[in-house]
Amino acid sequence: MRRLLAALLLPSLATGALTACGDAEEARSATTVRVLVRDINIRPEGVECAGTGPYTHFHNRSPFQVIDADGRTLAEGALPPGTSVATFKEDLEVERVPTYCEFAVPVTVADRSAYQLVVDGHPPIALTPNDSEGPALVAVVPS
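Written out as structure tokens, the structure is:
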């Protein structure tokens, strides 16, 4: 009986294993989605922030998706808290400066010709590859 059971099960297990090995998973790369929300606040750099006005959906724990041009989800999760970053590179020699609220979240995505970010069900925002500070997909809102 054991031989009969083994004879029946082994071929199906082997076929399943070969099928799984034959399905080449798409190559994925680690990158960071960086979104700068223009809120034009005057504050110190490096403090926690969130979107304001029409961008209040940009905040800690907002659900997001990175999608491709066909609308397929490549990565999803929740935004971390935003961090204020200086609007200007020049040293204004003051403690509080005009800032953007930056949201930066690491993701792993498949290689595509175009990426978009959807935050909390709002319309997609185009993401642009930018390697100036390491691999990243970047957007400035509003663009």
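Residues -19 to -1, 1 to 124 in mature numbering (1 follows the signal peptide of the UniProt record, and there is no 0) are what the sequence shown spells out, letter by letter.
For each residue, glycine too, the CB sits at the ideal point set by N, CA and C.
CB of PRO79 within 8 Å of CB of ILE21, strictly: Residue mapping note: residue 79 aligns to position 98 of the sequence shown, counting from 1. Residue mapping note: residue 21 aligns to position 40 of the sequence shown, counting from 1. It is a contact, given that the beta carbons lie within the stated cut-off.
C-alpha gap between THR13 and LEU60, whole angstroms: Counted from its first residue, the sequence shown places residue 13 at position 32. Counted from its first residue, the sequence shown places residue 60 at position 79. Each residue's Cα considered, the two are about 12 Å apart.
Sequence-distant residues of its chain with Cβ nearer than 7 Å to PRO87 (five each side left out): Along the sequence shown, read from residue 1 onward, the residue named residue 87 stands at position 106. So the list reads ALA11 and THR13, once near-sequence residues are dropped.
Start and end residues, beta strand (DSSP E) containing THR33: On the sequence shown, position 52 is the one that residue 33 refers to. First-last for THR33: undefined, no H or E at that position.
Nearest neighbour of ILE106, chosen from ARG9, GLU29, ARG15 and VAL66 [CA to CA]: Counted from its first residue, the sequence shown places residue 106 at position 125. Of ARG9, GLU29, ARG15 and VAL66, the residue nearest in Cα terms is ARG15.
LEU17 in three-state terms, based on DSSP: What you label residue 17 is simply residue 36 of the sequence shown in a count that begins at 1. Here LEU17 sits in strand by DSSP.
ALA50, DSSP secondary structure in three states: On the sequence shown, residue 50 is found 69 positions in, with the first residue counted as 1. Secondary structure of ALA50 (DSSP, three-state): coil.
Distance, TYR81 Cα to GLU74 Cα: Numbered from 1 along the sequence shown, position 93 holds the residue referred to as residue 74. Numbered from 1 along the sequence shown, position 100 holds the residue referred to as residue 81. If you take the alpha carbons of GLU74 and TYR81, they lie about 18 Å apart.
GLY102 (DSSP reduced to helix, strand or coil): If you number the sequence shown from 1, residue 102 lands on position 121. It is coil, neither helix nor strand.
Beta bridge counterpart(s) of GLY63 as assigned by DSSP: Counting from one through the sequence shown, the residue named residue 63 turns up at place 82. GLY63 is bridged to CYS30.
Terminal residues of the beta strand (DSSP E) in which THR68 lies: To locate residue 68, count along the sequence shown from 1; it is residue 87. Careful: THR68 lies outside any beta strand (DSSP E) and carries neither H nor E.
From PRO123, ASP101 and GLN97, residue whose alpha carbon lies closest to that of ARG53: In the sequence shown, counting from the first residue as 1, residue 53 sits at position 72. Among PRO123, ASP101 and GLN97, the Cα nearest to that of ARG53 is on GLN97.
Whole-angstrom C-beta distance between PHE45 and GLU29, which should lie under 8 Å: Looking up residue 29 in the sequence shown gives position 48. Looking up residue 45 in the sequence shown gives position 64. Incorrect: roughly 18 Å between the Cβ atoms, too far for contact.
Where GLY3 falls, given that 16 or more other Cβ within 10 Å makes a residue buried: Taking the sequence shown and counting its residues from 1, one reaches residue 3 at position 22. A caution first: GLY3 carries a pLDDT of 33, below 50, which makes its placement in the model too unreliable to give a value.
Extent of the continuous beta strand (DSSP E) to which PHE84 belongs: By one-based count along the sequence shown, residue 84 stands at place 103. Here the beta strand (DSSP E) through PHE84 covers 78 to 91.
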